[in-house]
Amino acid sequence: MTRYIFITGGVASSLGKGLAAASLAAVLQARGYRTRLRKLDPYLNIDPGTMSPIQHGEVFVTEDGAETDLDLGHYERFTGVDARKGDNVTAGKIYSTLLSKERKGDYLGGTVQVIPHVTDLIKNFILKDVDDTDFMLCEIGGTIGDIEGLPFYEAIRQIGYQLGRDKTMFIHLTLLPYIPSAKELKTKPTQHSVKELRSIGIQPNMILCRADRKIEPDLLKKIALFCNVPEEDVIPALDAKNIYEVPVSYHEYGLDTRVLKYFGISTAKKPDLKNWDGIIKTIKNLKGEVTVAIVGKYNLADAYKSLLEALDHGGFANNTKVKVKWLDAEFATAADYKNVDAILVPGGFGERGAKGKIDAVRYARENKIPYLGICFGMQMAVIEVARNLAKIKGASTTEFGPCNEPVVGLMTEWKKAGKKEKRGSEDDLGGTMRLGAYPCEIKKGTKAYEIYGASKISERHRHRYEVNINYAPQLEKAGLTISGISPDGRLPEIVEMKNHPWFVAVQFHPELKSRPFDPHPLFVSFVKAAMGKVKVAKPKKVA
Ligand code: GLN
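Going by numbering that gives the first Met the number 0, the final residue of the sequence shown carries number 542, and the count climbs one at a time with no gaps.
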C-alpha cells in the first residue's frame, strides 16, 4: 500500500522544503521502507529547461532525460533512487496537456474548468506510476498563498479526502523569524500560514518550524495549540552547518517516528543511520583544503547546486575540504588564478563570458593546473586547443553564430536507444537538447580509463552542440586525446590533454550522478589532483 505525504511551505520560500522532503524519505528508507519523491511546481513554464539559472537555479536532468527542478537532485542524493520523468510536473505541463486534450475533443460538450479538469490532471500525475512504493512524498513548490498554487492545493486536498487519513498526511514547513529587539522567535507568521492552508481545506498533520536557534518547548506548545496539531508533531527544523546533517537532526527531533505513528505503523525497529552518521563524522574531520576556481557566469550557489555537491563528495572521499573561488568569466584575469589548486569551467550557454572561459582553459593548460571541463567547459577546451595548439584560425562553435571552422557544431541527428533523434536549427528550444543518459566508450590506457576503471560508462547529457568529429585528427595531433566517444564513434564524450598532470573535459554532466555515499570518480580524481599541488594526506574511501 502506498501512502502519500504532502509537503507544503509557508511564510517564505527557500526554507528547505526539498531538503525536508528528501531527509524524511532518507530516514524512512533507513527504516527499510521504499520511498520516492515528487515535485509539483506551480509556475507556467512546461519545465525549468528554458529558464535562466538566476531565476530558478540549476536544471537537474534525470536518467530518462527530463529537465527538472533542482530539488530532484537532493532527492537522488539523499535516497540514491533515480528520479524519473514523471516525478516533476509544472502547471505549464498540466495546462498544455489539458489544452491539447480540449482540442482533441476529449471534453466534448463540456466547459473545461480548473476544478475538476485541472485538478484531475494533477491528481493523475500524483497517483500514477507509484509501483510498490511504501511512501510517496510530494512537495508543492512555492508558498501557500501563491495564486498559481491553488489548483495544486485543491488537488492534494481532494486526494486527502478520497484516500482518507490512513493513506495521506500533510506536513507544513514554516519559518519562525527571530526579532533581535524582542530577543524572540515569533510564531505569528506560522499561525497565519496555517490559517491560510486551512482556509482552503487542508489541516496540516505536522508542522516543521525552521529557525536559526533553539525553539523553546513553550513556543512549540503554543504553535500546537493555535494550529490544531499535536504537540509532538510540531518539529524544529534548525539551521544545519551541512545539508547532510539534516536527516539525522530531523530523526532526533522525532520526524520519522511521528510520521509512522500517524499512520499507525510500529516504530519498534530503529532506523539504520550508519551511513549518515559516517558522513557527518567525515565532514567534521576533514583535514586540509583545496581551492577550486569555478569560471562561470553566475555567482549563485543554486545555479551550480549539483556541481558544488559533487565537489564536496570528491572532497569527502579525499578527506579534504573543497573551497570554491567564484570567478566571473567576463572579468577574470590571470592574477585570479594565482593561488588556486584547480580550475573548473562548468556547463553554460551563450557567447557572453566565453572568451574568459577559453582564457581559463589556456591558463590551466599552460601552467599545468588540474582542469575539469564540463559540457560547455569541454567545448571551450576544444576551441582553445584548436585555436592555440592546432592553429585552426577562427575555430569556434556555431552556438555563437555561423563560422568557417566549426570545431563545435549543432547536432542535428543522433541515436537514442537505437532510434534516430533529429533536430533543426529552427526547432523549438524547449526540451530539444540531447538529454539524459547516453552510453560512452572509453579508450584503454587513457586517464579517463584510469579514473573510471571501465570501458563502458553511461552519463547524463544536456546540450545542443557537439565536438565536431571531423576535426579529430587535427586535435589529436595537437595533443588532445579523444578518450571517450559514443558507441557509433561520432560524438566525442571525453577529451584529455597529453603532457598535462590532469586535464580532462567531458561533454556530459558527471555532477548529476555524484552522491554522498557514492562520489563520482571524476570528482574524486579531480580533487585528488588538486591536492597534489598542496600535498595533503592520502585519499580514503567514504563510509
Ligand atoms: N551551450 C552548450 C550546448 O548547448 C553547452 C551546454 C551545457 O554546458 N550544458 O551544447
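For every residue, glycine included, the Cβ atom is placed at its ideal position computed from N, Cα and C. What you are looking at is a predicted structure, and each value in this text was computed from that prediction instead of being measured.
Check	Outcome
Could you name the residues of the same chain whose beta carbon sits closer than 6 Å to that of PHE5, not counting the 5 residues immediately before and after it, in chain order?	CYS137, ILE155, PHE169
Let me check you understand the geometry: is the CB of TYR370 closer than 6 Å to at least one non-hydrogen atom of the ligand GLN?	no
Closest to PRO500 by C-alpha separation, out of ILE342, LYS512, GLU231, would be which residue?	ILE342
Is any heavy atom in the ligand SAM found nearer than 6 Å to the beta carbon of ARG463?	Absent from the structure shown: the ligand SAM. Ligands present: the ligand GLN.
Helix, strand or coil for TRP325, going by three-state DSSP, please let me know.	strand
Tell me the rounded alpha-carbon separation between VAL503 and VAL344.	11 Å
Heavy atom of the ligand GLN less than 6 Å from the Cβ of GLY375, yes or no?	Rather than Gly, the amino acid found at residue 375 in this sequence is Phe. Yes, the Cβ of PHE375 comes within 6 Å of a heavy atom of the ligand GLN.
Please list the segments of the alpha helix (DSSP H) lying wholly inside the region 134-171, counting only runs of 4 or more residues, in order along the chain.	149-162
Run through DSSP, which three-state label would VAL58 get?	coil
Which class does MET0 belong to by DSSP, given the choice of helix, strand or coil?	coil
By the three-class DSSP mapping on this structure, what secondary structure does PRO491 have?	strand
Would you decide whether VAL533 is buried or exposed? Buried here means 16 or more other CB atoms lie within 10 Å of its CB.	Caution is warranted here: a pLDDT of 39 is assigned to VAL533, below 50, making its placement in the model unreliable, and no coordinate value can be reported.
Under 7 Å Cβ to Cβ from ILE114, same chain only, skipping five residues before and after it: list those, please.	GLU153
Looking only at C-alpha atoms, which of GLY430, VAL60, VAL26, ILE45 sits nearest to PHE77?	VAL26
By the three-class DSSP mapping on this structure, what secondary structure does HIS116 have?	helix
Would the beta-carbon of GLY346 be found less than 6 Å away from any heavy atom of the ligand GLN?	yes
Under the three-state reduction of DSSP, which class applies to TYR106: helix, strand or coil?	coil
Which residues share a DSSP beta bridge with ASP462?	The question names Asp, but residue 462 is His in the sequence shown. ARG433.
Please name the residue or residues paired with MET379 in a DSSP beta bridge.	Answer by DSSP bridge pairing: none, since MET379 is not bridged.
Between the Cα of PHE59 and those of HIS460, TRP325, MET530, spot the shortest distance and give me the residue it belongs to.	HIS460
Between the Cα of ARG30 and the Cα atoms of GLU449, GLY287, VAL505, LYS273, which residue gives the shortest distance?	LYS273
For HIS250, which option in LYS166, ASP232, PRO438 has the closest C-alpha, if you only look at C-alpha atoms?	ASP232
State the CB to CB distance for the pair LYS320 and GLY287, rounded to an integer number of angstroms; the pair is presumed to be in contact (CB under 8 Å).	7 Å
Taking the straight line between their C-alpha atoms, what separation do you get for VAL258 and PRO150?	26 Å
Apart from the five residues just before and just after THR118, which ones in its own chain have a Cβ nearer than 7 Å to its Cβ?	PRO150, GLU153, ALA154, GLN157
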